[in-house]
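Only one structure is covered here, and it is reproduced in the block below.
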Amino acid sequence: MEKFTKLISTATPLPIENIDTDQIIPARFLKATSKNGFGENLFRDWRFDQNNIPKENFILNNSNYSGKILLAGTNFGCGSSREHAAWAIADYGFKVVISSFFADIFKGNALNNGILPIQISEKFLQILLKTTLSNPNSLILIDLKEQIVLLKETGQFEKFEIDSYKKHCLLNGFDDIDYLTSIKNEIEEFEKTRLVS
Amino acid sequence: MAKTLFDKVWDAHVVTTVKNGPQVLYIDKHLIHEVTSPQAFTELKNRNLPLFRPKQIIATADHNTPTKNQHLPIKDVLSRNQLTQLTTNCNQNNIELYGLGHQNNGIVHVIAPELGITQPGMTIVCGDSHTSTHGAFGSIAFGIGTSQVAQVFASQCVLAEKPKTMQILVNGKLQKGVLPKDVILYIIAKLGTNIGTGYFVEYAGNVFENMSMEGRMTVCNMSIEMGARGGLIAPDKITYDYVAGRKFAPKGKDLEEKIACWESLKTDEKAKFDAEYSFNAKDISPMITFGTNPGMGIKISETIPKNKDTSFKNSLKYMNFKEGQSLLNTPINYVFIGSCTNSRIEDFRVVANFIKGKQKAKNVTALLVPGSQMVVKQLKEEGLDIIFENAGFELRQPGCSACLAMNDDKIPSGEYCVSTSNRNFEGRQGPGSKTLLASPLIAASVAVAGKIVDISKNS
């Protein structure tokens, strides 16, 4: 997995609450057997009409907005466990999703793909959404080591929480399989105790 | 120390704890299907890792499968490839596969309990959020992403923070016509779609104690719709009777010993939950949803509430409903009875019982999709197929079908569908489709009336 340390980028604001994984990637695009190429169908039915023409009023189709950060309303990623949602976000080019609340499974899936889901207060989220909506060139700085999100324009910042194990993994580019296979003997010992009991 | 049911099962499966980090949780059964497994197999191949415990894995094809002419090659090339890939992966890794047409084939959360694979006290995972279904047996069951599927392939374990515990009590007597689906839709409407995030929910109280296993599965299935990774119900005689005699269930003396162990799977009297909620059964009525998340539900006789929230307004706009509006008499052209929430034999008995002697409304296209080959066999043995046929309904072959619109079964754009499934997200049943979640009884009544009706008033 790729390492993640610091990021300075503009952001794409999507001030919608309860964005579920069916919106992030509709089920009809889950037929692939690889992890690649899901980015073109990210938010498919919000981005394109039935004739595959980009919808002008959707923010991803507005060339003023770009960057590696997605700002979204509360309860982001609810619904299905499809990791394709995280793959689509990564494939599109986002490295960070900022929201005031994340659904459990999405959060785990994002972390397992080197995408940092950052939970901040609703108040700070509204500041970031408002600022980036009015000025698409606003820069946001993410420092994983210090666990800080900072709005460059005003200097406003907030600390965010992250599990120290997951932080270690992201900073060093390790993943869970590396760890789990390293404790194989311990798992085998555990299996023996279960057979006896 | 007094423990909850959840704590007992969880703690018994912890291999070790990472310093300042998550726990390593041992997984007893790993269920896989065609959509969320291929990339996990590739991951292991790329790392040159073998599957650690292939005998603890069961595979089925369900999401991406047609519900007509399953004996013919699948027309859609991508779908066919995905299913071929599943077969190849299972063959190469000695995994038991119940593919299309197999007598044990069906929706993963329907077949595992039916085959006795799901048992009390187990840990069960699957790359599907509705894995919470299996919690009905007093097991810890939850959905995982594909990276975690690969982790379980490699180690039979997942890394997870221990969730918090929540108890939802429902006591009292349910009114006539109120089904388990109404109970869970009511709970979600009251508590919201993210109250359970970070929690496992134990459902307790005499309403759940008196419920059949099918009903308990419907309830636990939708735990994820309030954000909870899983839900569970303490096993009891109803559970043991359901498990006994099934293909992979313990038998004879083994079963007796197991039941003796399962008896301990109860929340201790003094155990504390991190959150507790309580409802009275008599307050619950037949429910229906009007919006684009499962928490947007009302009693079928109520009107749509008022709410200033932008997301709420956008949701109503998508559904083409208005605040203060009653849903009664709304014409409905599509009805879906199926999905891992409501496609078990008991659900089809409810539907058959209602439509017996009646006729499907002419404007309605109804999809009746049993959850498994075993459900098909059983409903035929009971003669329910004849009732459906006489009432003008076509019975499909098993699969996830129109729950998620990734196979051929889709609801056309702009159409309402009264559905027994679990999600009413925008476009969930097809781009532009509008889903109203309800119980099999409500769905059957809509299929006959061609519009939303309150059967408690009409019958």
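Those sequence lines, one after another, are chains X and P.
Just so you know, our numbering puts 119 at position 119 of the first sequence, and the rest follows in order with no gaps.
When you read off a place in the second sequence, starting at 1, and then add 1000, the result is the number in our numbering.
Glycine included, each C-beta is placed from N, C-alpha and C at the ideal position.
Quiz item: How about P:Ser1421 and P:Gly1106: do their beta carbons lie closer than 8 Å?
Solution: The residue given as residue 1421 of chain P occupies position 421 in the second sequence. The residue given as residue 1106 of chain P occupies position 106 in the second sequence. In this structure, P:Gly1106 does not lie closer than 8 Å to P:Ser1421 by Cβ.
Quiz prompt | Residues sharing a beta bridge with X:Lys6, DSSP | solution = Against the first sequence, residue 6 of chain X aligns to sequence position 6. According to DSSP, X:Lys6 bridges with X:Asp143.
Exercise. Output the distance between the C-alpha atoms of P:Ser1413 and P:Val1015, rounded to the nearest integer angstrom.
Key: Position 413 of the second sequence, counted from the first residue, corresponds to residue 1413 of chain P. Position 15 of the second sequence, counted from the first residue, corresponds to residue 1015 of chain P. Going from the Cα of P:Ser1413 to the Cα of P:Val1015 covers about 49 Å.
Self-check item: Own chain residues within Cβ distance below 6 Å of X:Leu150, not counting five before or after
Solution: On the first sequence, residue 150 of chain X is found 150 positions in, with the first residue counted as 1. Contacts found: Leu141 and Phe157.
Self-check item: Residue range of the beta strand (DSSP E) that includes P:Gln1289
Solution: Translated into positions along the second sequence, residue 1289 of chain P becomes position 289. Reading off the sequence, residue 1289 of chain P comes out as Thr, not Gln. First-last of the beta strand (DSSP E) with P:Thr1289: Met1287 to Thr1289.
Self-check item: Contact between the region 1315 to 1322 of chain P and the region 1363 to 1377 of chain P (3+ Cβ pairs under 8 Å)
Solution: Judged by Cβ distances under 8 Å, the region 1315 to 1322 of chain P makes no contact with the region 1363 to 1377 of chain P, as fewer than three pairs qualify.
Practice problem: Could you tell me which of P:Asp1254, P:Ile1233 and P:Glu1202 sits nearest to P:Asp1274, measuring between CA atoms? | Solution: As a working note, residue 1274 of chain P is residue 274 in the second sequence. Looking at the Cα atoms, P:Glu1202 is the closest of the given residues.
Exercise. Look at X:Ala88 and X:Asn109 and say whether their C-beta atoms are less than 8 Å apart.
Key: On the first sequence, residue 88 of chain X is found 88 positions in, with the first residue counted as 1. On the first sequence, residue 109 of chain X is found 109 positions in, with the first residue counted as 1. Not closer than 8 Å, so no.
Quiz item: Taking contact to mean at least 3 C-beta pairs separated by less than 8 Å, is the region 1203 to 1219 of chain P in contact with the region 1228 to 1235 of chain P?
Solution: yes
Quiz prompt | chain B within 8 Å of P:Ser1433, Cβ atoms only | solution = Absent from the structure is chain B; the protein chains it does hold are X and P.
Quiz item: When the distance is taken between beta carbons, is P:Asp1454 closer than 8 Å to P:Ile1224?
Solution: The residue labelled residue 1224 of chain P in the question sits at position 224 within the second sequence. The residue labelled residue 1454 of chain P in the question sits at position 454 within the second sequence. Contact: no.
Quiz item: What do you get for P:Ser1459, buried or exposed, if any count of 16 or more other CB atoms within 10 angstroms of its CB means buried?
Solution: For the purposes of this step, residue 1459 of chain P is taken as residue 459 along the second sequence, with counting starting at 1. For P:Ser1459, the predicted structure reports a pLDDT of 47, less than 50, and the residue's modelled location is therefore unreliable. The matter cannot be settled from this model.
Quiz item: Just how far apart, CA to CA, sit P:Asp1182 and P:Val1350?
Solution: Counted from its first residue, the second sequence places residue 1182 of chain P at position 182. Counted from its first residue, the second sequence places residue 1350 of chain P at position 350. So the alpha carbons of these two residues sit roughly 14 Å apart.
Exercise. For chain X, find out if any of its Cβ atoms is closer than 8 Å to the Cβ of P:Tyr1026; answer yes or no.
Key: Numbered from its first residue, the second sequence carries residue 1026 of chain P at position 26. Closer than 8 Å: yes.
Quiz item: What does X:Lys68 reach in chain P if we use C-beta pairs closer than 8 Å?
Solution: For this step, residue 68 of chain X is matched to residue 68 along the first sequence. Per Cβ cutoff of 8 Å: no residues; X:Lys68 is ~21 Å from chain P at best.
Exercise. Pair every Cβ in the region 90 to 108 of chain X with every Cβ in the region 66 to 81 of chain X, then say whether three or more of these pairs are closer than 8 Å.
Key: yes
Practice problem: Would you identify the three-state DSSP class for X:Ala88, choosing helix, strand or coil? | Solution: Here the question's residue 88 of chain X lines up with position 88 in the first sequence. Helix, per DSSP.
Practice problem: Compare the C-beta of P:Cys1157 with all C-beta atoms of chain X and state if any pair is closer than 8 Å. | Solution: Here residue 1157 of chain P refers to the residue found at position 157 when the second sequence is read from its first residue. Yes, P:Cys1157 counts as interfacial toward chain X.
Self-check item: Reduced DSSP secondary structure (H/G/I, E/B, other) of P:Asn1094
Solution: Taking the second sequence and counting its residues from 1, one reaches residue 1094 of chain P at position 94. P:Asn1094 falls in the coil class under three-state DSSP.
Quiz item: Would you call P:Val1077 buried or exposed, if buried means 16 or more other Cβ atoms sit within 10 Å of its Cβ?
Solution: Sequence index remark: in the second sequence, residue 1077 of chain P carries index 77 (1-based). Burial call: exposed.
Self-check item: Amino acids of chain P, ordered along the chain, whose beta-carbon sits closer than 7 Å to that of X:Tyr165
Solution: In the first sequence, counting from the first residue as 1, residue 165 of chain X sits at position 165. Within 7 Å Cβ-Cβ: Val1018, Asn1020, Gly1021 and Pro1022.
Exercise. Could you tell me which uninterrupted alpha helix (DSSP H) segments, each at least 4 residues in length, are contained entirely in the region 1296 to 1337 of chain P, listed from first to last along the chain?
Key: Taken in chain order, the whole alpha helix (DSSP H) runs of length 4 or more contained in the region 1296 to 1337 of chain P are 1310 to 1319.
Self-check item: Proximity test, Cβ basis, 8 Å: X:Glu2 and chain P
Solution: Counted from its first residue, the first sequence places residue 2 of chain X at position 2. Judged by the 8 Å Cβ criterion, X:Glu2 is not in contact with chain P.
Practice problem: Let me know the secondary structure DSSP gives P:Tyr1203 once reduced to three states. | Solution: Your numbering for residue 1203 of chain P matches position 203 in the second sequence. In the structure shown, P:Tyr1203 sits in a strand (DSSP, three-state: E or B).
Self-check item: Reduced DSSP category for P:Asn1081 - H, G, I as helix; E, B as strand; rest coil
Solution: As a first step, residue 1081 of chain P is located in the second sequence; it is residue number 81 there, counting from the start. It is helical.
Exercise. For chain X, find out if any of its Cβ atoms is closer than 8 Å to the Cβ of P:Val1110; answer yes or no.
Key: The residue given as residue 1110 of chain P occupies position 110 in the second sequence. Cβ-Cβ to chain X under 8 Å: no for P:Val1110.
Exercise. Give the residues of chain X in contact with P:Glu1426, contact being defined as C-beta atoms less than 9 Å apart.
Key: By one-based count along the second sequence, residue 1426 of chain P stands at place 426. What P:Glu1426 touches in chain X: Asp20, Asp22, Gln23, Asp45 and Trp46.
Practice problem: Identify the contact partners of X:Glu186 in chain P, using a Cβ-Cβ distance below 7 Å as the criterion. | Solution: Reading the first sequence from its first residue, position 186 is the one you call residue 186 of chain X. Those are Val1015 and Thr1016, listed as they occur along chain P.
Quiz item: Going by alpha carbons, who is nearest to P:Thr1165 out of P:Cys1400, P:Val1418, P:Gly1383 and P:Lys1008?
Solution: Start at 1 with the first residue of the second sequence, and residue 1165 of chain P comes out as number 165. It is P:Lys1008.
Quiz item: Does the Cβ of P:Thr1341 have 16 or more other Cβ atoms within 10 Å, making it buried, or fewer, making it exposed?
Solution: The residue you call residue 1341 of chain P lines up with position 341 of the second sequence. Answer is buried; the Cβ neighbour count reaches 16.
Quiz item: How long is the line joining the alpha carbons of P:Glu1269 and P:Ala1002, rounded to whole angstroms?
Solution: On the second sequence, residue 1269 of chain P is found 269 positions in, with the first residue counted as 1. On the second sequence, residue 1002 of chain P is found 2 positions in, with the first residue counted as 1. So the alpha carbons of these two residues sit roughly 7 Å apart.
Self-check item: CA-to-CA distance, P:Asn1221 to P:Thr1131, given in whole angstroms
Solution: Your numbering for residue 1131 of chain P matches position 131 in the second sequence. Your numbering for residue 1221 of chain P matches position 221 in the second sequence. Spanning the two alpha carbons is a distance of roughly 7 Å.
Quiz item: Quick one, are the C-beta atoms of P:Asn1089 and P:Pro1038 less than 8 Å apart?
Solution: Here residue 1089 of chain P refers to the residue found at position 89 when the second sequence is read from its first residue. Here residue 1038 of chain P refers to the residue found at position 38 when the second sequence is read from its first residue. Cβ atoms of P:Asn1089 and P:Pro1038: closer than 8 Å.
Exercise. Could you tell me which uninterrupted alpha helix (DSSP H) segments, each at least 4 residues in length, are contained entirely in the region 1347 to 1430 of chain P, listed from first to last along the chain?
Key: For the alpha helix (DSSP H) assignment, the uninterrupted runs of no fewer than 4 residues enclosed by the region 1347 to 1430 of chain P are, from N- to C-terminal side, 1373 to 1381 and 1384 to 1390.
Quiz item: Start and end of the alpha helix (DSSP H) containing P:Glu1257?
Solution: Start at 1 with the first residue of the second sequence, and residue 1257 of chain P comes out as number 257. Counting along the chain, the alpha helix (DSSP H) containing P:Glu1257 begins and ends at Gly1252 to Trp1262.
Quiz prompt | Coil, strand or helix - P:Cys1220 by DSSP | solution = Taking the first residue of the second sequence as position 1, residue 1220 of chain P is located at position 220. Helix.
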